[in-house]
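K.L.:
In our numbering, the protein residues as written are 2 to 638. All residues carry an ideal CB built from backbone N, CA and C; glycine is no exception. Quantities reported herein were computed from a predicted structural model and do not represent experimental measurements.
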């Protein structure tokens with residue numbers, strides 16, 4: 002259950018060390034009627050069904066609330082106020098019971114929960130492990146008879162917990178060792194894997210959220226939705242992940258997370274510390290949702306649905322000490338770092354500029370935008386120097402890495418480096434065909450991304466290398482580097498030799514992931530085809546040293562029948578060619594080649610010149626005639 006939700010509370014009302022108070026022996030049903038007027042009346046519920054916001058002050062629901070509060074009970078439009086139970090479909094009881102019965106045994110849940118909190122939760126810092134365990138224990142105390150009476154009598158915080166739990170288990174199964182015999186009993190069919198089971202669990206969690214509807218959204222609803230989007234993204238289902246993210250953003254807005262003030266937490270009444278803890282969870286979630294939103298908007302070419310003015314948003318936390326502890330703690334050079342610190346550090350240094358990059362791309366990037374590019378690039382370089390030593394991109398201070406609770410830090414540092422450089426890459430990407438400086442900076446960033454991803458890959462276990470996540474960074478960086486090398490062969494980029502080395506390593510990684518994921522296989526085929534074009538040039542042969550090849554600025558075309566030195570037709574103008582947006586092109590334009598997935602050796606270069614170059618190497622998809630991919634198809638082979 003989410004940190005901010007409270008399904009149970011101790012009779013004493015005293016808070017424990019974590020600032021929360023629970024009784025794991027009590028399961029709250031829907032709260033009783035209250036004597037005082039509440040904004041949750043039946044008529045308000047009906048108006049809310051029409052789509053009015055519950056936190057706005059300029060709509061009909063707000064006027065009704067004001068009339069009820071100041072008109073007294075006698076003037077209330079609905080008579081005595083009650084807190085209405087959410088309405089469900091007639092067969093919801095049966096469906097809910099069928100779905101929650103798919104949860105594994107407590108022993109298996111405990112094992113997988115440990116995997117999640119030790120190796121996954123730090124990526125978004127969405128859940129507090131102590132509070133989760135209290136929620137889990139409370140859920141375990143629900144009896145069979147409680148569900149038999151009517152699941153709708155359970156508090157919404159309790160009802161939504163299994164949806165969140167299924168997503169946690171699904172994530173854990175992506176990374177858990179397949180050789181752990183203690184949970185092998187979960188595999189019930191021949192040929193089934195933990196990844197398959199994880200997909201089933203995630204689907205079940207999504208079905209639970211759909212069953213519960215939108216009448217009484219809780220923080221755990223948003224947490225479960227975000228983890229569902231994360232699972233889809235980790236499985237290579239990017240379009241589905243984007244749609245799920247959009248739904249989750251709307252759920253978060255419905256309970257006011259974008260305002261910094263949670264409005265959905267109903268009885269049991271939260272204590273001061275509990276409300277503060279719930280508020281901080283809400284702040285974290287909205288920051289993470291915003292980063293996801295602007296990141297996917299740039300990478301996928303989708304619209305932005307959120308907004309965040311970090312300074313103003315942070316000041317919705319009135320207590321200065323608590324505000325600084327959440328939003329400024331990352332600047333400390335001596336305090337032990339926390340996962341959310343590195344998220345805020347990345348946003349402050351670079352992620353915030355995704356919104357500006359997106360606007361430039363939507364408006365149509367041209368030379369008039371280049372001063373903005375230079376300004377943002379300079380700002381990121383300046384901001385990088387403000388990073389504390391423990392998360393420096395180069396030569397970081399590693400003294401915290403081995404501390405108990407900081408084992409996540411080395412991987413998080415590589416992720417920070419990769420995403421900061423992705424911001425720089427996407428900043429310069431629209432100008433790689435028009436500005437030599439942008440080509441240099443974009444390729445440098447691409448190399449840095451691939452180096453960080455290679456270090457992450459080396460840190461992972463073999464069974465974890467089936468997860469799709471690294472494909473996004475590998476694919477974008479490799480395509481951009483190869484595009485620059487192919488279209489501008491005569492430019493002596495400083496990092497050209499280094500670029501090809503990391504590209505070859507990246508292609509190997511995509512080949513490994515592609516053996517268990519169809520979209521990764523497609524991505525591998527695309528970059529393999531580009532790399533094939535590069536290696537087919539006469540001056541790039543297996544017998545030559547890479548350095549000698551790249552020092553030769555006079556590349557020779559495959560023939561001299563009137564083609565340019567880069568192999569393009571003489572009338573082909575780069576002014577009308579749009580730069581590649583690899584992830585968008587892969588998932589929305591369906592870029593692919595017909596070449597089979599080759600079992601490349603563990604070390605490249607592969608003997609590509611011995612492979613027949615046929616029409617199968619051409620790119621297919623729904624791209625336009627002005628796209629980079631069409632230009633590649635027009636190149637002489």
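Can you tell me whether residue 419 is buried or exposed, with buried defined as 16 or more other CB within 10 angstroms of its CB?
P.N.:
Position 418 of the chain shown, counted from the first residue, corresponds to residue 419. It counts as buried.
K.L.:
Can you check whether the CB of residue 249 is closer than 8 angstroms to the CB of residue 227?
P.N.:
Stepping through the chain shown from its first residue, residue 227 is reached at position 226. Stepping through the chain shown from its first residue, residue 249 is reached at position 248. Yes, they are a contact pair.
K.L.:
Under a three-way DSSP split, which group does residue 548 fall into?
P.N.:
As a first step, residue 548 is located in the chain shown; it is residue number 547 there, counting from the start. Bear in mind that a pLDDT of 43 at residue 548, under 50, signals an unreliable position, so the model cannot answer this.
K.L.:
Ordered along the chain, which non-local residues of its own chain (more than five positions away) have a Cβ less than 6 angstroms from that of residue 437?
P.N.:
Taking the chain shown and counting its residues from 1, one reaches residue 437 at position 436. Correct list: empty, nothing qualifies.
K.L.:
Which two residues bound the contiguous alpha helix (DSSP H) that contains residue 630?
P.N.:
Along the chain shown, read from residue 1 onward, the residue named residue 630 stands at position 629. Segment 629 to 635, the alpha helix (DSSP H) holding residue 630.
K.L.:
Report all residues from its chain with a CB closer than 8 angstroms to the CB of residue 151; omit the five preceding and five following residues, and keep chain order.
P.N.:
The residue you call residue 151 lines up with position 150 of the chain shown. Excluding sequence neighbours, residue 151 sits near 94.
K.L.:
In this structure, does DSSP put residue 319 in helix, strand or coil?
P.N.:
If you number the chain shown from 1, residue 319 lands on position 318. Of the three classes helix, strand and coil, the one that applies to residue 319 here is coil, per DSSP.
K.L.:
For residue 621, write down the residues that DSSP places opposite it in a beta bridge.
P.N.:
The residue given as residue 621 occupies position 620 in the chain shown. Paired residue(s): 593.
K.L.:
Rounded to whole angstroms, how far is the Cβ of residue 424 from the Cβ of residue 500, which I believe are closer than 8 angstroms?
P.N.:
For the purposes of this step, residue 424 is taken as residue 423 along the chain shown, with counting starting at 1. For the purposes of this step, residue 500 is taken as residue 499 along the chain shown, with counting starting at 1. About 19 angstroms separates the two Cβ atoms, so there is no contact after all.
K.L.:
Excluding the 5 residues flanking residue 182 on each side, which residues of the same chain have their C-beta closer than 8 angstroms to its C-beta?
P.N.:
Here residue 182 corresponds to residue number 181 of the chain shown, with the count starting at 1. Around residue 182: no qualifying Cβ.
K.L.:
Within its chain, find whatever has a CB closer than 8 angstroms to the CB of residue 585; leave out the 5 residues flanking it on each side and keep chain order.
P.N.:
For this step, residue 585 is matched to residue 584 along the chain shown. Once the five neighbours on either side are set aside, the close Cβ partners of residue 585 are 300, 301, 302.
K.L.:
Taking 8 angstroms as the cut-off, decide whether the C-beta atoms of residue 103 and residue 189 are in contact.
P.N.:
Residue mapping note: residue 103 aligns to position 102 of the chain shown, counting from 1. Residue mapping note: residue 189 aligns to position 188 of the chain shown, counting from 1. Going by C-beta atoms, residue 103 is not nearer than 8 angstroms to residue 189.
K.L.:
Could you pull out every unbroken alpha helix (DSSP H) segment of at least 4 residues lying fully inside the region 420 to 501, listed in chain order?
P.N.:
The qualifying runs are 437 to 460, 471 to 488.
K.L.:
Return the CA-CA distance between residue 263 and residue 283, expressed in angstroms with no decimal places.
P.N.:
Residue 263 sits at position 262 when you count from the first residue of the chain shown. Residue 283 sits at position 282 when you count from the first residue of the chain shown. Using only the alpha carbons, I get a separation of about 7 angstroms.
K.L.:
Helix, strand or coil: which one does DSSP assign to residue 704?
P.N.:
Since the first and last residues shown for the chain are 2 and 638, residue 704 lies out of range.
K.L.:
Let me check understanding here. Comparing Cα to Cα, which of 172, 160, 285, 259 lies closest to residue 1?
P.N.:
Residue 1 lies beyond the range of the chain shown here (2 to 638); nothing can be said about it.
K.L.:
Do the CB positions of residue 532 and residue 502 come within less than 8 angstroms of each other?
P.N.:
As a first step, residue 532 is located in the chain shown; it is residue number 531 there, counting from the start. As a first step, residue 502 is located in the chain shown; it is residue number 501 there, counting from the start. Contact flag unset, no.
K.L.:
So residue 158 packs on residue 221, CB below 8 angstroms; how close in whole Å?
P.N.:
Translated into the one-based positions of the chain shown, residue 158 becomes position 157. Translated into the one-based positions of the chain shown, residue 221 becomes position 220. With a Cβ gap of about 7 angstroms, residue 158 and residue 221 count as contacting.
K.L.:
Are the Cβ atoms of residue 667 and residue 175 separated by less than 8 angstroms?
P.N.:
Given that the chain is displayed from residue 2 to residue 638, the structure contains no residue 667 and the question cannot be resolved.
K.L.:
Within a Cβ cutoff of 7 angstroms, which residues of the same chain sit near residue 639, ignoring the five residues on either side of it in sequence?
P.N.:
Since the first and last residues shown for the chain are 2 and 638, residue 639 lies out of range.
K.L.:
Name the DSSP beta bridge partners of residue 579, please?
P.N.:
Position 578 of the chain shown, counted from the start, is the residue given in the question as residue 579. Answer is 628.
K.L.:
Just how far apart, CA to CA, sit residue 362 and residue 431?
P.N.:
For the purposes of this step, residue 362 is taken as residue 361 along the chain shown, with counting starting at 1. For the purposes of this step, residue 431 is taken as residue 430 along the chain shown, with counting starting at 1. Distance between the alpha carbons of residue 362 and residue 431: 7 angstroms.
K.L.:
Can you list, in chain order, the residues of its chain with a C-beta nearer than 6 angstroms to that of residue 520? Leave out the 5 residues immediately preceding and following it.
P.N.:
As a working mapping, residue 520 is identified with position 519 in the chain shown. Excluding sequence neighbours, residue 520 sits near 237.
K.L.:
Of the choices 225, 117, 144, 124, whose alpha-carbon is the least far from that of residue 164?
P.N.:
What you label residue 164 is simply residue 163 of the chain shown in a count that begins at 1. Checked all of 225, 117, 144, 124; the closest Cα to residue 164 is 225.
K.L.:
With DSSP run on the structure shown, which of helix, strand or coil describes residue 404?
P.N.:
Here residue 404 refers to the residue found at position 403 when the chain shown is read from its first residue. Coil.
K.L.:
Which two residues bound the contiguous alpha helix (DSSP H) that contains residue 342?
P.N.:
Looking up residue 342 in the chain shown gives position 341. From DSSP, the alpha helix (DSSP H) with residue 342 extends over 340 to 350.
K.L.:
With distances taken between CB atoms, is the gap from residue 316 to residue 324 smaller than 8 angstroms?
P.N.:
Indexing the chain shown from 1 puts residue 316 at position 315. Indexing the chain shown from 1 puts residue 324 at position 323. Yes, these two residues count as a Cβ contact at 8 angstroms.
K.L.:
Can the beta-carbon of residue 468 be found less than 8 angstroms from the beta-carbon of residue 407?
P.N.:
For the purposes of this step, residue 468 is taken as residue 467 along the chain shown, with counting starting at 1. For the purposes of this step, residue 407 is taken as residue 406 along the chain shown, with counting starting at 1. No.
K.L.:
Starting from residue 235 and walking both ways along the alpha helix (DSSP H), at which residues does that stretch end?
P.N.:
Working through the chain shown from its first residue, we reach residue 235 at position 234. Looking at the DSSP string, the run of the alpha helix (DSSP H) that includes residue 235 is 220 to 235.
K.L.:
Alpha carbon to alpha carbon, how far is residue 347 from residue 305? Give it in angstroms, no decimals.
P.N.:
For the purposes of this step, residue 305 is taken as residue 304 along the chain shown, with counting starting at 1. For the purposes of this step, residue 347 is taken as residue 346 along the chain shown, with counting starting at 1. So the two alpha carbons sit approximately 19 angstroms from each other.
K.L.:
With burial defined as no fewer than 16 other Cβ atoms inside 10 Å of the residue's Cβ, what is the status of residue 400: buried or exposed?
P.N.:
Taking the first residue of the chain shown as position 1, residue 400 is located at position 399. Flag for residue 400 reads exposed.
K.L.:
Could you pull out every residue in the same chain whose Cβ sits closer than 7 angstroms to the Cβ of residue 230, ignoring the five residues on either side in sequence?
P.N.:
To locate residue 230, count along the chain shown from 1; it is residue 229. Closer than 7 angstroms at Cβ, skipping near neighbours: 242, 245, 246, 249.
K.L.:
Starting from the Cα of residue 309, find the closest Cα among 372, 326, 185, 354 and give me that residue.
P.N.:
Residue numbering aside, residue 309 sits at position 308 when the chain shown is read from its first letter. Of 372, 326, 185, 354, the residue nearest in Cα terms is 354.
K.L.:
If you count every other CB in all the chains shown that lies within 10 Å of the CB of residue 404, and 16 or more means buried, which is it?
P.N.:
The count along the chain shown starts at 1 and reaches residue 404 at position 403. Exposed, by the Cβ-count rule.
K.L.:
How should residue 322 be labelled, buried or exposed, when 16 other C-beta atoms within 10 angstroms of its C-beta is the threshold for buried?
P.N.:
The residue you call residue 322 lines up with position 321 of the chain shown. The residue is exposed, with fewer than 16 neighbouring Cβ atoms inside 10 Å.
K.L.:
If you follow the alpha helix (DSSP H) that residue 356 is in, where does it begin and where does it stop?
P.N.:
Numbered from 1 along the chain shown, position 355 holds the residue referred to as residue 356. It spans 355 to 364 - the alpha helix (DSSP H) in which residue 356 sits, taken as one unbroken run.
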